[in-house]
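**Student:**
Numbering (the UniProt record's numbering), first residue to last: 1 to 693.
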């Protein structure tokens, strides 16, 4: 029998604790508890050599402790924001949404209906490169042409052309001709009241000649427009974050970048971006410096992109660990195809903090409670950013905006802008402080409240009337581009619920007769009316209309089996561009996923379509619980049962702990504390599994 350095058999030490860092929940219980190691004086011996004991009483600061997967935390739930109803008659099933970034792909659809997809990173040719000398000759005077001929000689001399009375376009043409005739550099210089274009041979090693830089600029007038449009393909970053990084690299302001809308962080997304007079090769260079971001498909255009310049988004989604028969899954997808889903505003609209959702800030703005709105934005909350958490704490305790601001390293955040505004305007001018926030952020808050009301009213309408069209429903008249009321029974047969719209509250909209009282009652609880008009027009809402149902277009789906939990199931644009092999179905794989592809309008949420399929909450808390439950199932597959393990093997572990406690106490180490934590981890897993079941 083999022995270790202390003379004890490996067999006897087989079931000892591994005294390293605590194991994650998604490792097998055998790894968590039964790692082989041999204790020795002053430390322990294993295959990695001698290791000193870790003092378990010395805890890391809370902010440095990585949360266990079972420590899900508090999140906003769908019911908190009025999302309660379904329209399909099918049975839902369990599946995990966005377990990996690679499970969710969003490709913008432009106004021409084309789906954006990153396919290349080629730099487009400058159109002036294709122009012949003869074509350009007609654009300049014969006198200037004769002067330029000197550049075509074997040993060209410098040329100086008077361009005082020549417009910019012709001067640019002269530059272009000169570069085509010879390897030259050119520059416009002022001499007294006149302007001269000086053109000299490009001799890099000539230290005596005039210092004129080579003109590498693009002639934008010949490119078809002043704007460069390009695709941004990214993962694990929101659009604003990538734009900020590109701006730093290109030495631009973030507001120089124009796009149709922002895209999610936790997904692979592709969208158009536009910049004015920034050359493609510079954008490509900047993109290569950002991890997780890719740029390409460059093209020139006359106009900039603007907010809302898209017709929708294409989604490719993988729902992992689909726990249902193929037949039941097929029924759910058929229901989505035929009936659509309730067009709720998803959780993304309201933020992730249940105690301070964005619609609560919007409500304060609509009520005219300016101070309260500022306090809510700066209120402490659980967050990963330790610096921001400290800033919030300082302001909450001291109300000292200057002291809180001094702790910030980044000054482009909403919190930084507010604290700076408080320093300038103080408590006496809260409106001025709020004006320091970008307008689109302020609008986001009040529109979130609108969405909050809309969700609740639509839920009440579905609960009371179901999917039938009723007298009083509003439908959109496409011919006259306005809403109309169904006030006759004969009209009902002409419409389905997909035609019906529900107003977002405001002073300019028409309300369904049956729902006017619902709006009044709901808004009255918050001290508001359906008018939502204020003296300050910045915080007034005119209202809008939104379809109750959304029916996906180009919907397709397939069931895919896979072996390992983290197998890729969908290729990203960059993977396709690099000719990676598409994931294939593995019929004998132990896991099953549902792969969905669909197109939705720009204002609709894919998570609400998934909610309708699954008949389950799509909140982060629920999805984390499902993912944790899957991990527990994986653990259970490595042992007979949790209960058997707890009753049998834990006794062995306790016995080993007791035998070594005396030696460990001599070293002033509380081993039992660490062992107890491991035992409690296993018990917590068992309890969680029972709760989920």
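The C-beta atom is built at its ideal place from N, Cα and C for all residues, glycine as well.
For clarity, every value in this text was computed on a predicted model and none was experimentally measured.
1. For residue 11, does the count of other Cβ atoms within 10 angstroms reach 16, so buried, or fall short, so exposed?
2. Whole angstroms are fine: how far does the CA of residue 387 sit from the CA of residue 705?
3. Between 264, 279, 537, which lies nearest to residue 348 when the distance is taken from Cα to Cα?
4. Is the distance from the Cβ of residue 514 to the Cβ of residue 344 below 9 Å?
5. If we require 3 or more residues per run, which beta strand (DSSP E) segments fall completely within the stretch 224-271?
6. Excluding five sequence neighbours on each side, which residues of the same chain lie with their C-beta closer than 6 Å to the C-beta of residue 563?
7. Helix, strand or coil: how does DSSP classify residue 728 here?
8. Is it true that the CB of residue 553 sits closer than 9 Å to the CB of residue 600?
9. Is it right to say residue 274 is buried, meaning 16 or more other beta carbons lie within 10 angstroms of its own, or is it exposed?
10. Are residue 753 and residue 122 closer than 9 Å when you measure CB to CB?
11. Could you give the first and the last residue of the continuous alpha helix (DSSP H) run that contains residue 515?
12. Residue 284 to residue 614, Cα distance in whole Å?
13. Would residue 391 pass as a contact of residue 404 if the rule is Cβ separation under 9 Å?
14. Closest to residue 435 by C-alpha separation, out of 510, 415, 450, 448, would be which residue?
15. With DSSP run on the structure shown, which of helix, strand or coil describes residue 507?
16. Would you report the Cα separation of residue 596 and residue 571, rounded to the nearest angstrom?
17. Could you give the residue range of the alpha helix (DSSP H) that holds residue 696?
18. If I follow the unbroken alpha helix (DSSP H) through residue 282, where does it start and stop?
19. Using CA coordinates, which residue listed in 238, 279, 259, 246 is at the minimum distance from residue 226?
20. Work out the CA separation of residue 169 and residue 188 for me, nearest whole Å.
21. Determine the contact status of residue 505 and residue 472, defining contact as a CB-CB distance below 9 Å.
22. If you draw a straight line from the alpha carbon of residue 84 to that of residue 383, how long is it in whole angstroms?
23. So what's residue 358 in DSSP terms, helix, strand or just coil?
24. How long is the line joining the alpha carbons of residue 395 and residue 79, rounded to whole angstroms?
25. Residue 233: which of 430, 290, 167, 551 sits nearest, CA to CA?
26. DSSP state of residue 439, grouped into three classes?
27. Can you look up residue 212 in the DSSP assignment and give me helix, strand or coil?
28. Name the two residues that bound the continuous beta strand (DSSP E) containing residue 107.
29. Between the stretch 318-330 and the stretch 88-95, can you find at least three pairs of beta-carbon atoms closer than 8 Å?
30. Under 8 Å by Cβ, that's how I've got residue 162 and residue 196 pegged, so tell me the actual separation to the nearest angstrom.
31. What three-state label does DSSP hand residue 93 in the structure shown?
32. If I follow the unbroken alpha helix (DSSP H) through residue 395, where does it start and stop?
33. Measure the C-alpha to C-alpha separation of residue 455 and residue 420 and round it to an integer number of angstroms.
34. Based on DSSP bridge pairs, tell me the residues matched to residue 323.
35. Assign residue 469 to buried or exposed, taking buried as 16 or more other Cβ atoms, counted over all protein chains shown, within 10 Å of its Cβ.
36. Do the stretch 516-525 and the stretch 567-582 touch if we need at least three Cβ pairs shorter than 8 Å?
**Tutor:** Concretely, from the data shown:
1. The count along the chain shown starts at 1 and reaches residue 11 at position 11. Confidence at residue 11 is low in this model, with a pLDDT of 42, below 50, so the placement of that residue should be treated as unreliable; the coordinate-derived value is given next. The residue is exposed, with fewer than 16 neighbouring Cβ atoms inside 10 Å.
2. Residue 705 lies beyond the range of the chain shown here (1 to 693); nothing can be said about it.
3. Residue 348 sits at position 348 when you count from the first residue of the chain shown. Nearest of 264, 279, 537 to residue 348, Cα basis: 264.
4. Translated into the one-based positions of the chain shown, residue 514 becomes position 514. Translated into the one-based positions of the chain shown, residue 344 becomes position 344. Residue 514 is not a Cβ neighbour of residue 344, given a cutoff of 9 Å.
5. The stretch 224-271 contains these whole beta strand (DSSP E) runs: 227-235.
6. Locating residue 563 in the chain shown gives position 563, where the first residue counts as 1. Taken in chain order, the residues that qualify are 586, 589.
7. Residue 728 is absent from the structure shown; the chain starts at 1 and stops at 693.
8. On the chain shown, position 600 is the one that residue 600 refers to. On the chain shown, position 553 is the one that residue 553 refers to. Yes, Cβ-Cβ distance for residue 600 and residue 553 is below 9 Å.
9. The residue labelled residue 274 in the question sits at position 274 within the chain shown. Burial state of residue 274 is buried, judged by a 10 Å Cβ sphere holding 16 or more other Cβ atoms.
10. The shown model of the chain, from 1 to 693, leaves out residue 753, and the question about it has no answer.
11. The residue given as residue 515 occupies position 515 in the chain shown. Boundaries cannot be given for residue 515, as no alpha helix (DSSP H) includes it and DSSP labels it neither H nor E.
12. Within the chain shown, the letter at position 284 stands for residue 284. Within the chain shown, the letter at position 614 stands for residue 614. The C-alpha of residue 284 lies about 41 Å from the C-alpha of residue 614.
13. Position 391 of the chain shown, counting from 1, holds the residue named residue 391. Position 404 of the chain shown, counting from 1, holds the residue named residue 404. Cβ distance < 9 Å, so residue 391 and residue 404 count as in contact.
14. Reading the chain shown from its first residue, position 435 is the one you call residue 435. Per the Cα distances, 415.
15. Working through the chain shown from its first residue, we reach residue 507 at position 507. Of the three classes helix, strand and coil, the one that applies to residue 507 here is coil, per DSSP.
16. Here residue 596 is taken as the residue at index 596 of the chain shown, counted from 1. Here residue 571 is taken as the residue at index 571 of the chain shown, counted from 1. Approximately 13 Å between the Cα atoms of the pair.
17. Coverage of the chain is limited to positions 1 through 693, which leaves residue 696 absent and any answer about it impossible.
18. Within the chain shown, residue 282 is the residue found at index 282, counting from 1. Following the DSSP letters along the chain, one finds residue 282 inside the alpha helix (DSSP H) bounded by residues 280-288.
19. Residue mapping note: residue 226 aligns to position 226 of the chain shown, counting from 1. Residue nearest to residue 226 within the set 238, 279, 259, 246 is 279 (criterion: CA-CA distance).
20. Here residue 188 refers to the residue found at position 188 of the chain shown. Here residue 169 refers to the residue found at position 169 of the chain shown. Residue 188 and residue 169: Cα-Cα distance of roughly 13 Å.
21. Here residue 505 corresponds to residue number 505 of the chain shown, with the count starting at 1. Here residue 472 corresponds to residue number 472 of the chain shown, with the count starting at 1. Using a Cβ distance threshold of 9 Å, residue 505 and residue 472 do not count as a contacting pair.
22. Here the question's residue 84 lines up with position 84 in the chain shown. Here the question's residue 383 lines up with position 383 in the chain shown. Distance between the alpha carbons of residue 84 and residue 383: 28 Å.
23. The residue given as residue 358 occupies position 358 in the chain shown. Here residue 358 sits in helix by DSSP.
24. Residue numbering aside, residue 395 sits at position 395 when the chain shown is read from its first letter. Residue numbering aside, residue 79 sits at position 79 when the chain shown is read from its first letter. Cα-Cα distance, rounded: 32 Å.
25. Against the chain shown, residue 233 aligns to sequence position 233. The shortest Cα separation from residue 233 among 430, 290, 167, 551 belongs to 290.
26. Counting from 1 along the chain shown, the entry for residue 439 is found at position 439. Assigned with DSSP and collapsed to three states, residue 439 falls in helix.
27. Here residue 212 corresponds to residue number 212 of the chain shown, with the count starting at 1. For residue 212, the predicted model reports a pLDDT of 46, less than 50, meaning its position is unreliable; a value from the coordinates is still stated below. Judged by DSSP in its simplified three-state form, residue 212 adopts coil rather than helix or strand.
28. Within the chain shown, numbered from 1, the residue matching residue 107 stands at position 107. Its beta strand (DSSP E) spans residues 104-109.
29. Between the stretch 88-95 and the stretch 318-330 there are three or more inter-stretch CB-CB distances shorter than 8 Å, so the stretches are counted as touching.
30. On the chain shown, residue 162 is found 162 positions in, with the first residue counted as 1. On the chain shown, residue 196 is found 196 positions in, with the first residue counted as 1. Indeed they touch by this definition, with Cβ atoms about 6 Å apart.
31. Residue numbering aside, residue 93 sits at position 93 when the chain shown is read from its first letter. Coil.
32. Locating residue 395 in the chain shown gives position 395, counting from the first residue. First-last of the alpha helix (DSSP H) with residue 395: 386-398.
33. Start at 1 with the first residue of the chain shown, and residue 455 comes out as number 455. Start at 1 with the first residue of the chain shown, and residue 420 comes out as number 420. Rounded to whole angstroms, residue 455 to residue 420 spans 35 Å at the Cα level.
34. Indexing the chain shown from 1 puts residue 323 at position 323. Answer is 94, bridged to residue 323.
35. The residue you call residue 469 lines up with position 469 of the chain shown. It counts as buried.
36. At 8 Å Cβ cutoff, the stretches do not touch.
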